[in-house]
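K.L.:
Sharing a structure here in structure tokens format.
Residue numbers (the UniProt record's numbering): 1 to 174.
Pasting the structure below:
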């Protein structure tokens with residue numbers, strides 16, 4: 001007897017893939033909210049510290065897409081595309097974590113924060129536009145990590161809240 005249709009294949013745990021796809025989509029939404037809050041915090045920090053905008057995301061995307069290099073003032077759209085796109089994609093992962101019961105502040109800080117930081121570093125270093133973070137000045141390390149903490153916590157709060165509305169959410173194992 002068939003228990004699932006073509007769009008509801010079952011994994012070994014018995015959960016339909018539709019639920020996992022929905023979790024990833026809600027994670028994208030959560031990631032965009034987290035990116036918006038992180039961006040607001042970055043702009044506030046830049047006003048207070050005088051730190052200029054970073055165009056490293058644009059440089060990385062330029063290299064990934066093998067685009068011709070342009071001056072930073074012409075990279076604003078690429079910068080936003082990489083900044084918001086990375087937030088959305090990494091948010092999808094957090095949405096899946098929330099559905100799997102890897103939620104709360106522990107899910108955000110112990111699992112999701114390292115994913116967010118690693119994603120940036122791998123993309124920036126693999127394209128040759130970044131430097132390993134341990135070579136950065138300490139104040140730059142602190143600022144980067146604090147902004148990513150804000151992103152991960154906000155993304156987690158939104159993803160967890162949206163996951164509460166999912167009827168087949170995995171039970172939380174504490």
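Beta carbons: idealized from backbone N, C-alpha and C, even for Gly.
Would you mind sorting residue 160 into buried or exposed? The rule is 16 or more other CB atoms within 10 Å of its CB.
P.N.:
When all chains shown are included, residue 160 counts as buried.
K.L.:
If you compare alpha carbons, which of 86, 117, 150, 93 is closest to residue 21?
P.N.:
Nearest option by C-alpha distance: 93.
K.L.:
In the DSSP assignment, the alpha helix (DSSP H) including residue 128 goes from what residue to what residue?
P.N.:
No alpha helix (DSSP H) holds residue 128; DSSP gives it neither H nor E.
K.L.:
Taking only runs of the alpha helix (DSSP H) that begin and end inside the segment 12-84, which ones reach a length of at least 4 residues, in chain order?
P.N.:
For the segment 12-84, whole alpha helix (DSSP H) runs of length 4 or above, ordered along the chain, are 17-49, 56-64.
K.L.:
Is the CB-CB distance between residue 37 and residue 145 below 7 angstroms?
P.N.:
Result no, Cβ atoms of residue 37 and residue 145 do not sit closer than 7 angstroms.
K.L.:
Please report whether the beta-carbon of residue 21 lies at a distance below 7 angstroms from any beta-carbon of chain C.
P.N.:
Looking for chain C here will not work: only one protein chain is present.
K.L.:
By the DSSP assignment, the alpha helix (DSSP H) with residue 152 in it spans what residues?
P.N.:
Start and end: 138-163.
K.L.:
Just to confirm, are residue 91 and residue 30 a CB contact at a threshold of 7 angstroms?
P.N.:
Contact flag set, yes.
K.L.:
With distances taken Cα to Cα, identify the nearest neighbour of residue 97 among 61, 32, 157.
P.N.:
Among 61, 32, 157, the Cα nearest to that of residue 97 belongs to 157.
K.L.:
Hey, residue 179 and residue 61: beta-carbon distance below 7 angstroms or not?
P.N.:
In this structure the chain extends from 1 to 174, so residue 179 is not present and cannot be described.
K.L.:
Buried or exposed: which applies to residue 58, given that a residue is buried once 16 or more other Cβ atoms fall within 10 Å of its Cβ?
P.N.:
That one is buried.
K.L.:
Mind checking whether residue 35 and residue 84 have CB atoms under 7 angstroms apart?
P.N.:
Contact: yes.
K.L.:
So, using beta-carbon positions, are residue 88 and residue 28 closer together than 7 angstroms?
P.N.:
Yes, these two residues count as a Cβ contact at 7 angstroms.
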